[in-house]
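One structure is given here, and the rest of the page talks about it.
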């Protein structure tokens with residue numbers, strides 16, 4: 484990763500850390516995966532893939548080159564930077580869909596000393612795969628891989644706006660550079676926890692303008708994340724740092740965390756409320772003679788009917804936001820969808836399996852059902868069993884939602 488010319492920014496010399504250089508060669512790098520993507524080192528056989536992504540005008544206009552490759556030699560030169568013997572100078576990956584193996588892009592770090600003085604990451608996806616959250620999913624996964632590389636202490640000249648840390652050895656950073664009007668890429672970087680550092684102007688390699696404005700973003704290794712971990716039956720918030728010995732860290736933006744927690748808590752509460760009707764309310768009703776027993780049951784029914792459908796819909800709304808946010812952030816979301824469906828399914832379950840029993844008990848409470856005390860007791864007992872089964876739906880929803888948090892580690 485050869486250094487590039489520095490923009491007119493305010494640079495300071497600091498002590499920090501960087502991955503041990505030279506980096507591991509392609510032959511020692513193992514493929515790695517995120518929820519939907521598989522990343523592997525490149526080979527010469529990937530020329531056709533690199534050529535495909537580097538000849539798309541809509542993608543290359545945002546690249547340093549500012550235009551698509553024309554000659555085959557241009558594409559080969561780009562690929563050569565990622566193959567032996569140059570592979571030890573960068574940390575680049577071919578990106579494919581895990582489910583199908585389809586090539587969708589390339590990404591990594593091929594500049595060791597970029598405009599802000601730190602290594603820089605970049606990515607490029609085929610246009611047909613834009614807008615699906617793949618970029619943010621890749622960047623988050625890549626940052627985890629990058630921070631896991633062995634470290635060594637170094638002295639660097641870097642943009643002062645990127646310096647963090649109170650000790651003599653400052654927090655290590657990795658950067659990304661975007662054009663000022665490339666809002667989509669900037670949103671990806673922000674979703675992945677990167678912060679704006681500085682802006683500067685350079686000649687426009689595209690030939691569209693005399694000058695363009697570039698924005699530099701950075702992420703630092705010791706940045707505190709809103710995260711939590713699971714240890715036995717305790718959930719605790721914890722600032723995740725480089726030295727943390729947490730086994731199951733899960734980090735996500737606060738709105739996503741709140742929506743997910745609201746959904747899971749709502750499912751668990753709904754299940755507990757419904758169970759209480761069968762385990763506490765029904766036995767109390769059965770202690771009475773008809774029609775008093777049916778009247779007590781009716782009170783239980785009315786309370787549940789007034790509360791639970793609205794509660795299920797509100798809980799599902801929280802899940803729907805959590806699903807949307809997870810997809811945008813490239814995190815696991817299918818468990819949240821299952822949780823939402825299971826929780827709201829108490830409504831159709833009631834209509835399909837419990838409506839006839841409800842109708843008979845309503846008549847018993849009104850005194851219009853010709854039935855003995857034993858018959859009414861059997862109806863209440865049947866309702867209690869069906870209600871107990873119904874309680875398992877939101878309970879399963881809570882488990883499905885919680886499992887998604889485990890998958891997000």
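Residue numbers (the working numbering): 484 to 892.
A virtual CB, placed ideally from N, CA and C, is assigned to each residue, including glycine.
Note that the structure is a prediction, hence the values are computed from the model and not measured.
Classify residue 701 as buried or exposed, calling it buried when 16 or more other Cβ atoms lie within 10 Å of its own Cβ.
Working through the chain shown from its first residue, we reach residue 701 at position 218. So residue 701 counts as buried.
Short of 7 angstroms in beta carbon distance, which residues of its chain neighbour residue 689, apart from the five on each side in sequence? Order them along the chain.
Taking the chain shown and counting its residues from 1, one reaches residue 689 at position 206. Closer than 7 angstroms at Cβ, skipping near neighbours: 544, 549 and 550.
Express the C-alpha separation of residue 554 and residue 594 in angstroms, rounding to a whole number.
What you label residue 594 is simply residue 111 of the chain shown in a count that begins at 1. What you label residue 554 is simply residue 71 of the chain shown in a count that begins at 1. Residue 594 and residue 554: Cα-Cα distance of roughly 23 angstroms.
If we count the other Cβ atoms within 10 Å of its Cβ and call it buried at 16 or more, is residue 611 buried or exposed?
Position 128 of the chain shown holds residue 611. Its Cβ having fewer than 16 others within 10 Å, residue 611 is exposed.
Here's a check: name, in chain order, each residue in its chain whose Cβ is nearer than 8 angstroms to the Cβ of residue 783, leaving out the five neighbours to either side.
As a first step, residue 783 must be located in the chain shown, where it is residue number 300. Cβ neighbours of residue 783 beyond the five flanking positions: 760, 764, 765 and 768.
Mapping DSSP to helix, strand and coil, what is residue 502?
Looking up residue 502 in the chain shown gives position 19. Residue 502: strand per DSSP, three-state reduction.
On a Cα-Cα basis, can you pick out the residue from 884, 880 and 781 that is closest to residue 840?
For the purposes of this step, residue 840 is taken as the residue at position 357 of the chain shown. Here the closest residue by C-alpha is 781.
Could you tell me which residues DSSP puts in a beta bridge with residue 695?
Here residue 695 refers to the residue found at position 212 of the chain shown. Paired residues: 685.
Please state the DSSP three-state secondary structure of residue 856.
Stepping through the chain shown from its first residue, residue 856 is reached at position 373. In this structure, residue 856 counts as helix in the three-state DSSP scheme.
When DSSP labels each residue in this structure, what does residue 539 get in the three-state scheme?
Working through the chain shown from its first residue, we reach residue 539 at position 56. The answer is coil: DSSP assigns residue 539 none of H, G, I, E or B.
Flag this pair as touching only if the region 588-606 and the region 659-671 have three or more C-beta atom pairs under 8 angstroms; answer yes or no.
yes
Does DSSP put residue 677 in a helix, in a strand, or in coil?
To locate residue 677, count along the chain shown from 1; it is residue 194. The answer is coil: DSSP assigns residue 677 none of H, G, I, E or B.
Alpha-carbon to alpha-carbon, residue 762 and residue 848
Here the question's residue 848 lines up with position 365 in the chain shown. Here the question's residue 762 lines up with position 279 in the chain shown. Near 21 angstroms, if we compare the C-alpha coordinates of residue 762 and residue 848.
Near residue 806, what residues of its chain come up, given a Cβ to Cβ distance below 6 angstroms and the 5 sequence neighbours on each side ignored?
For the purposes of this step, residue 806 is identified with residue 323 of the chain shown, where counting begins at 1. Hits under 6 angstroms: 816, 819 and 820.
Taking the straight line between their C-alpha atoms, what separation do you get for residue 552 and residue 563?
The residue you call residue 552 lines up with position 69 of the chain shown. The residue you call residue 563 lines up with position 80 of the chain shown. Going from the Cα of residue 552 to the Cα of residue 563 covers about 14 angstroms.
Which residue from 857, 855, 838 and 829 puts its Cα closest to that of residue 872?
Taking the chain shown and counting its residues from 1, one reaches residue 872 at position 389. Answer by Cα proximity: 829.
Is the separation between the beta-carbon of residue 645 and that of residue 492 shorter than 7 angstroms?
Translated into the one-based positions of the chain shown, residue 645 becomes position 162. Translated into the one-based positions of the chain shown, residue 492 becomes position 9. Cβ distance not < 7 angstroms, so residue 645 and residue 492 don't count as in contact.
I'd like the list of long-range same chain contacts for residue 529, defined as Cβ closer than 6 angstroms, with 5 residues on each side in sequence excluded.
Along the chain shown, read from residue 1 onward, the residue named residue 529 stands at position 46. Cβ within range, chain order: 577.
Could you pull the DSSP bridge partners for residue 608 from this structure?
On the chain shown, residue 608 is found 125 positions in, with the first residue counted as 1. Answer is 588, bridged to residue 608.
How many Å lie between residue 838 and residue 739 at the Cα?
Along the chain shown, read from residue 1 onward, the residue named residue 838 stands at position 355. Along the chain shown, read from residue 1 onward, the residue named residue 739 stands at position 256. Between residue 838 and residue 739, the C-alpha separation is close to 37 angstroms.
What first and last residue would you give for the alpha helix (DSSP H) that runs through residue 661?
Here residue 661 refers to the residue found at position 178 when the chain shown is read from its first residue. Premise fails: residue 661 lies in the beta strand (DSSP E), 656-662, not in any alpha helix (DSSP H).
When we look at the beta-carbon of residue 527 and count the other beta-carbons within 10 Å, is it buried (16 or more) or exposed?
Along the chain shown, one-based indexing puts residue 527 at 44. Result: exposed.
Reduced DSSP secondary structure (H/G/I, E/B, other) of residue 544:
Locating residue 544 in the chain shown gives position 61, where the first residue counts as 1. Of the three classes helix, strand and coil, the one that applies to residue 544 here is coil, per DSSP.
Do you know offhand how far residue 650's Cα is from residue 703's?
One-based indexing of the chain shown puts residue 650 at position 167. One-based indexing of the chain shown puts residue 703 at position 220. Their backbone Cα atoms lie some 14 angstroms apart in a straight line.
For residue 588, count neighbouring C-beta atoms within 10 Å of its own C-beta (all shown protein chains included) and say buried if the count is 16 or more, exposed if not.
Start at 1 with the first residue of the chain shown, and residue 588 comes out as number 105. Buried, since its Cβ has 16 or more Cβ neighbours within 10 Å.
Go ahead and label residue 715 buried or exposed: buried means 16 or more other beta carbons lie within 10 angstroms of its beta carbon, across all protein chains shown.
As a working mapping, residue 715 is identified with position 232 in the chain shown. Per-residue confidence for residue 715 stands at a pLDDT of 29, beneath the threshold of 50, marking its modelled position as unreliable; no derived number is given.
Tell me which residues share the same chain as residue 635 and place their Cβ nearer than 7 angstroms to its Cβ, disregarding the 5 neighbours each side in the sequence.
Within the chain shown, numbered from 1, the residue matching residue 635 stands at position 152. The answer, listed in chain order, is 500, 501 and 503.
In the DSSP assignment, find the unbroken beta strand (DSSP E) run with residue 638 in it and report its ends.
Translated into positions along the chain shown, residue 638 becomes position 155. Its beta strand (DSSP E) spans residues 634-642.
Residue span of the beta strand (DSSP E) that contains residue 522, given as start and end
For the purposes of this step, residue 522 is taken as the residue at position 39 of the chain shown. Looking at the DSSP string, the run of the beta strand (DSSP E) that includes residue 522 is 520-523.
Taking Cβ positions, are residue 521 and residue 581 nearer each other than 7 angstroms?
In the chain shown, counting from the first residue as 1, residue 521 sits at position 38. In the chain shown, counting from the first residue as 1, residue 581 sits at position 98. Yes, Cβ-Cβ distance for residue 521 and residue 581 is below 7 angstroms.
In the DSSP assignment, find the alpha helix (DSSP H) that holds residue 630 and state where it starts and stops.
Start at 1 with the first residue of the chain shown, and residue 630 comes out as number 147. Segment 617-630, the alpha helix (DSSP H) holding residue 630.
Proximity to residue 511 [Cα-Cα], best of 785, 677, 571 and 678:
By one-based count along the chain shown, residue 511 stands at place 28. For residue 511, the nearest C-alpha among the options comes from 571.
Nearest to residue 631 by CA position, among 637, 623 and 638, is which residue?
Position 148 of the chain shown holds residue 631. Minimum Cα distance to residue 631 is reached at 623.
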